[in-house]
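Down below is the structure, laid out as structure tokens.
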Amino acid sequence: MGKRFLVSIGINDYVNHKNLDFCVKDAEDITNVMSKFASVEKENTRIITSEITKPNSNPWDTFCDSIDELKRIFNSYEDDLFFYFSGHGIKSDETSVVFKNKTIRLSEILLKIDELLPKTKILIFDSCHSGIGFVDETKSATLYSLRTKLTSGYYILSACSESEEAKESKKNKNGRFTYFFIQTISDLNNYNKYGCLDLNTIFSIVDEYFKTNPNFEQNPFQQIKSLGSYPLANNFNKSQFYTRYTISNITEFDWNDFITTINLYLSTNKNVKGEFTRLLREHCENTLSNSKGKASDQTIEISTNKIILIDNGNYFNLFSPPETIKHGGGVKTAKEFASLFSGYYTYNSITENGLNYYIFEFEDTIKDEKCIFHIDLNSFNRLKNNNFSFDDHCHELVIRFENFVMMHSLINISISNLTNEYRRLNKPIFFELNKNDRLIKDVENMIDLMGASEFIIIRTYSD
Numbered sequence: 001m002g003k004r005f006l007v008s009i010g011i012n013d014y015v016n017h018k019n020l021d022f023c024v025k026d027a028e029d030i031t032n033v034m035s036k037f038a039s040v041e042k043e044n045t046r047i048i049t050s051e052i053t054k055p056n057s058n059p060w061d062t063f064c065d066s067i068d069e070l071k072r073i074f075n076s077y078e079d080d081l082f083f084y085f086s087g088h089g090i091k092s093d094e095t096s097v098v099f100k101n102k103t104i105r106l107s108e109i110l111l112k113i114d115e116l117l118p119k120t121k122i123l124i125f126d127s128c129h130s131g132i133g134f135v136d137e138t139k140s141a142t143l144y145s146l147r148t149k150l151t152s153g154y155y156i157l158s159a160c161s162e163s164e165e166a167k168e169s170k171k172n173k174n175g176r177f178t179y180f181f182i183q184t185i186s187d188l189n190n191y192n193k194y195g196c197l198d199l200n201t202i203f204s205i206v207d208e209y210f211k212t213n214p215n216f217e218q219n220p221f222q223q224i225k226s227l228g229s230y231p232l233a234n235n236f237n238k239s240q241f242y243t244r245y246t247i248s249n250i251t252e253f254d255w256n257d258f259i260t261t262i263n264l265y266l267s268t269n270k271n272v273k274g275e276f277t278r279l280l281r282e283h284c285e286n287t288l289s290n291s292k293g294k295a296s297d298q299t300i301e302i303s304t305n306k307i308i309l310i311d312n313g314n315y316f317n318l319f320s321p322p323e324t325i326k327h328g329g330g331v332k333t334a335k336e337f338a339s340l341f342s343g344y345y346t347y348n349s350i351t352e353n354g355l356n357y358y359i360f361e362f363e364d365t366i367k368d369e370k371c372i373f374h375i376d377l378n379s380f381n382r383l384k385n386n387n388f389s390f391d392d393h394c395h396e397l398v399i400r401f402e403n404f405v406m407m408h409s410l411i412n413i414s415i416s417n418l419t420n421e422y423r424r425l426n427k428p429i430f431f432e433l434n435k436n437d438r439l440i441k442d443v444e445n446m447i448d449l450m451g452a453s454e455f456i457i458i459r460t461y462s463d
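Quick note: the sequence shown, position 451, residue 451 per full-length UniProt numbering, numbers continuous.
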């Protein structure tokens, strides 16, 4: 299996253009997110930056040197190359960016990258006027020659169209496109049931951010030469993930979406999750009330088994209110929650730099849960068609075949389809068959024949 390499570039200081604020941070943040979620090892990463305090006199030369240096460890036709650039872009007949003191065209970047002969190339530009990609081959013999030389496919994602500017966000301290790109990859909600997130899905989600915020005046651009979409990220290390909600109007907030999210992130008792949602709603109503909390908005940050509430209003600790407040304002709900579920969570609250932080950390109560599928004649099609999956929290994966339901014609199919679940969860799967089932030996032989004996284990049960 091929490795993944990243060259991440951020340039803040310029010779003939105004300086920028967050391009270096963009390049560093992209490097971190690709390391966490896109299987890019640290030794396969090159970061090129330039800023006033740490200038690089010629970032283009540094980039070319980095590509030359990677040739020692890069496996041509097998490894993938990710290229990221944050900095100035200029109007041209193809995507063109400014490497501090030199304007470089997309074709020049790809000609250099292609010296490595990567299997797949992914190029991401957070730059003005970058949404043009390649010109039509018929207009450029150089680009036509380049395209026919490509070892496999390429993907180009750009922050805006060729006529637009890519804006930075002082609030988020990133380019807007880069910020939304990182948010998309960092949110478990966006991954499919196999734990993967492909480039087309990432682009669609990022594009939707801008469509729902037209005041940003950016329309991201995508250009692809490849079959299908590229599986960029995976969620195999779930402790890294987080998502964020901002509420300004309690009646317009999508609580159904929130419930889906906490079911995904919290591995605790379902009653705890239900009652916490009730408590949170009352807390938000108080925080956003013009007569109580007087906050401009309520932020909710969610990570694995942890939720942080943040606001800029009046501080109020529901679990330890002033003596003058005995009920109302969520106090009663908080007391009941603490009384019922004190062993399921820890709580802390602080005020810092004008912001209030209410921090809940939940006990993982289902990490040792055994998950059992009971397969009878009515449900066998679910297994036959691979139309099922185990919950990610399952500690032990069991399929029990009820009432001698296993048949010769379906032994092969069921084992083949379950291989995907083993690869996804990296846990053995137990087949439980009635001890009197005459097909037990046949199932054992088929498991051996398919090389699945290390992860599919037969157990028997009595009537």
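Think of the CB as a built atom: it goes at the ideal place given N, C-alpha and C, for glycine as much as any other residue.
Whole-angstrom C-beta distance between L340 and E275, which should lie under 8 Å: That pair is a contact at about 7 Å.
Burial state of A141 (16 or more Cβ within 10 Å): Note that A141 scores a pLDDT of 46, beneath 50, so its modelled location is shaky and nothing firm can be said.
Nearest candidate by alpha-carbon position, reference G89, set D61, N101 and C128: Measuring from the Cα of G89, the nearest candidate turns out to be C128.
Beta bridge counterpart(s) of K54 as assigned by DSSP: Looking at the DSSP output, K54 bridges to E51.
Nearest neighbour of K170, chosen from I132, S186 and F22 [CA to CA]: For K170, the nearest C-alpha among the options comes from F22.
Completely contained beta strand (DSSP E) runs for the segment 139 to 212, where each covers 3 or more residues: Unbroken beta strand (DSSP E) stretches of 3 residues or longer found wholly inside the segment 139 to 212: 153 to 158 and 196 to 198, given in chain order.
DSSP three-state assignment for A233, whether helix, strand or coil: Of the three classes helix, strand and coil, the one that applies to A233 here is strand, per DSSP.
Helix, strand or coil at Q222 [DSSP, three-state]: In the displayed model, Q222 falls within a strand according to three-state DSSP.
For S35 and T49, believed in contact at Cβ under 8 Å, the rounded distance: Taking the Cβ atoms as the reference, T49 lies roughly 16 Å from S35, outside the contact range of under 8 Å.
Extent of the continuous alpha helix (DSSP H) run through E115: First-last for E115: undefined, no H or E at that position.
Straight-line Cα distance separating S303 from L264: Those two C-alpha atoms are separated by around 10 Å.
Cα-Cα separation, F203 to Q222: So the two alpha carbons sit approximately 8 Å from each other.
Cβ neighbours of T31 in the same chain (closer than 7 Å, five flanking residues each side left out): L6, S8, T45 and I47, listed in sequence order.
Cα-Cα separation, V206 to T184: In a straight line, the C-alpha of V206 is about 7 Å away from that of T184.
S239, buried or exposed, once every other Cβ within 10 Å from all chains shown has been counted against 16: That one is exposed.
Proximity below 9 Å, CB of D297 to CB of N286: Contact flag unset, no.
DSSP beta-bridge partners of N434: Note: N434 sits in a beta bridge opposite Y461.
Beta bridge counterpart(s) of D311 as assigned by DSSP: Its beta-bridge partners are Q298 and N356.
Nearest-angstrom beta carbon gap, Y230 and S186 [assumed within contact, 8 Å]: Rounded, the Cβ-Cβ distance is 18 Å, inconsistent with contact.
Chain-order list of residues whose beta-carbon lies under 7 Å from that of Y315 (same chain, five-residue window excluded): Closer than 7 Å at Cβ, skipping near neighbours: T351 and N356.
Endpoints, beta strand (DSSP E) assigned at R4: R4 -> beta strand (DSSP E) spans R4 to I11.
C-alpha distance - L70 paired with I429, whole-angstrom precision: Rounded to whole angstroms, L70 and I429 show a C-alpha spacing of 41 Å.
Buried/exposed call for N420, threshold 16 Cβ in 10 Å: Residue environment: N420 is assigned as exposed (fewer than 16 neighbouring CB atoms within 10 Å of its CB, all protein chains considered).
As assigned by DSSP and simplified to three states, the class of T419: Assigned with DSSP and collapsed to three states, T419 falls in helix.
T333 classed as buried or exposed, judged by whether at least 16 other C-beta atoms fall within 10 angstroms: So T333 counts as buried.
Three-way DSSP call (helix, strand, coil) for I399 in this model: Collapsing the DSSP output to three states places I399 in a strand.
Pair within 9 Å by beta-carbon distance, E363 and T268: Against a cut-off of 9 Å, the Cβ pair of T268 and E363 comes out as a contact.
E51 vs V15 beta-carbon contact at 9 Å: The answer is no: Cβ separation not under 9 Å.
Residues bridged to R72 (per DSSP): In the DSSP output, where bridge partners are listed per residue, R72 has none listed.
Helix, strand or coil at G131 [DSSP, three-state]: In the structure shown, G131 sits in a strand (DSSP, three-state: E or B).
Selected residue, minimal CA-CA separation from E43, among R4, T261, E28 and S76: Of the candidates R4, T261, E28 and S76, R4 places its Cα closest to the Cα of E43.
Identity of the residues DSSP links to N101 by a beta bridge: For N101, which the question treats as bridged, DSSP gives no partner whatsoever.
Beta-carbon proximity list for T365, same chain, < 6 Å, skipping 5 on both sides: Hits under 6 Å: T268 and N269.
Nearest to L199 (by Cα), restricted to the options I182, E301 and K167: The shortest C-alpha separation from L199 is found at I182.
Residues of its chain near residue 516, where Cβ-Cβ distance is below 8 Å and the 5 sequence neighbours each way are ignored: Any property of residue 516 remains undetermined from this structure, which presents the chain solely from 1 to 463.
Check whether T103 and Y154 have beta carbons under 9 Å apart: Going by C-beta atoms, T103 is not nearer than 9 Å to Y154.
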